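With the numbering used here applied, the sequence shown closes on residue 343, and no number is skipped along the way. Idealized CB from N, CA, C, for every residue including glycine. Keep in mind it's a predicted model, so treat the numbers as computed, not measured.
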Amino acid sequence: MDAIAEKIAVLQGWVREASNGVAFTGAGISTESGIPDFRSPGGFWTRNQPIQFDDFVQSAEMRKEAWRRKFEIDATVAEARPNAGHNALAKLVAEERILAIITQNIDNLHQMSGVPVSKIIELHGNGGYAKCLSCGHRYELDWVRSNLDADGMPPDCGTCGGLIKSATISFGQPMPQEEMQRAHVATAGADLFLALGSSLVVRPAADFPILAKQNGARLVIVNREPTPLDAICDLVIHAEIESVMTPFLNCTHD
Ligand code: NAD
Numbered sequence: 090m091d092a093i094a095e096k097i098a099v100l101q102g103w104v105r106e107a108s109n110g111v112a113f114t115g116a117g118i119s120t121e122s123g124i125p126d127f128r129s130p131g132g133f134w135t136r137n138q139p140i141q142f143d144d145f146v147q148s149a150e151m152r153k154e155a156w157r158r159k160f161e162i163d164a165t166v167a168e169a170r171p172n173a174g175h176n177a178l179a180k181l182v183a184e185e186r187i188l189a190i191i192t193q194n195i196d197n198l199h200q201m202s203g204v205p206v207s208k209i210i211e212l213h214g215n216g217g218y219a220k221c222l223s224c225g226h227r228y229e230l231d232w233v234r235s236n237l238d239a240d241g242m243p244p245d246c247g248t249c250g251g252l253i254k255s256a257t258i259s260f261g262q263p264m265p266q267e268e269m270q271r272a273h274v275a276t277a278g279a280d281l282f283l284a285l286g287s288s289l290v291v292r293p294a295a296d297f298p299i300l301a302k303q304n305g306a307r308l309v310i311v312n313r314e315p316t317p318l319d320a321i322c323d324l325v326i327h328a329e330i331e332s333v334m335t336p337f338l339n340c341t342h343d
């Protein structure tokens, strides 16, 4: 058995022992579904600097650029389907080994893999619709797309006149309180915390693995490259997520 296979076997044993498992996912779990992450070669950041929330609010040019990028990215996201990583997590949720998936992703692939919405905690919002920043009124993206003006800008909110923005959390934007609270509760009660495909540098999301470890959970990190939290985790597997998670699709954990 090679070193990676041995680590997968350890993880399978820990999953069997877990009764309050929590998964924590980042953009890396979706790269094998064809959605680029932020920091890998070819990722979004190799082409675009992120637009800060304050810049979105203050600058019409930035809003226009944000919407241009949004619709460009959506063409890729629309084609994406869950991969073995998402499907293995969905199976572990169905087996009640994993009780919650805290995700930084906005791509809806956990939902598409069959995980009930009540088990998914989206820390950075959802890219599948838009919201008014002032009153929270929901707008569907098809409506936004068909109401863009000649400059590529959506109208202001029909209810209150506020700015309409994709329902995702930008850098510098306040975190969603309810999701943060749910993530805290799930993390504090976790006996196994499995971080998959996150560089673990985006805060406050990256504080959750630390909190889990402090509360006595086994902390496992699966990522193709090192992360700043490798030193504190109980098991680190530097490999592609599909290769690590596929074995979980082929066995039961009851
Ligand atoms: P990140 O881009 O900072 O890190 C992704 C990590 O995953 C990297 O360390 C990379 O080496 C690793 N990785 C990539 N593909 C992998 C694979 N197949 N197997 C194993 N490891 C792999 O992403 P992050 O930590 O989630 O933080 C960036 C922010 O980007 C998040 O807030 C998220 O909201 C947003 N984002 C989301 C999506 C999405 O929804 N799919 C895509 C891009 C960015």
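Segment limits, beta strand (DSSP E) that includes I310 | R307 to V311
Tell whether a beta-carbon distance below 8 Å holds between D143 and G217.
-> no
With distances taken from CA atoms, which of V99, K208 and Q147 is nearest A183?
-> K208
Neighbour-count burial assignment, C249, 16 or more Cβ in a 10 Å radius | exposed
Does the beta carbon of S202 fall short of 7 Å from some heavy atom of the ligand NAD?
-> no
Own chain partners of L181 with C-beta closer than 8 Å, once the 5 adjacent residues on each side are dropped | V104, G110, A112, I187, F337 and H342
Cβ-Cβ separation, V311 to I330 (assumed contact under 8 Å), whole Å = 6 Å
Which word fits I321, buried or exposed, when buried means at least 16 other C-beta atoms lie within 10 angstroms of its C-beta?
-> exposed
When you compare each of T192, A116 and E95 to R313 by their alpha carbons, which one comes out closest?
-> A116
Can you name the start and end residues of the beta strand (DSSP E) that P255 belongs to?
-> What sits at residue 255 in the sequence shown is Ser, not Pro. Note, S255: beta strand (DSSP E), I253 to T257.
How big is the Cα-Cα spacing for L318 and I299?
-> 8 Å
At a cut-off of 7 Å, is N312 close to the ligand NAD when judged by its beta-carbon and the heavy atoms of the ligand?
-> yes
Just grab the DSSP bridge partners of E229 for me.
-> Y218
Which of helix, strand or coil does DSSP assign to I118?
-> helix
With DSSP run on the structure shown, which of helix, strand or coil describes T316?
-> coil
Where K302 and V291 are concerned, what is the direct C-alpha to C-alpha distance, given to the nearest angstrom?
-> 18 Å
Can you tell me the Cα-Cα spacing of H213 and N304, whole angstroms?
-> 24 Å
Going by Cα to Cα distance, which pick from C221, V146 and M151 is closest to N137?
-> M151
Cα-Cα, which of A239, E185 and I190 is closest to H273?
-> I190
Give me the Cβ distance between M242 and W156, rounded to the nearest whole Å; I'm assuming they're in contact under 8 Å.
-> 7 Å
Alpha carbon to alpha carbon, how far is S122 from V206? Give it in angstroms, no decimals.
-> 20 Å
Straight-line Cα distance separating M269 from L324 | 25 Å
E267 versus E161: straight-line alpha-carbon distance, rounded = 30 Å
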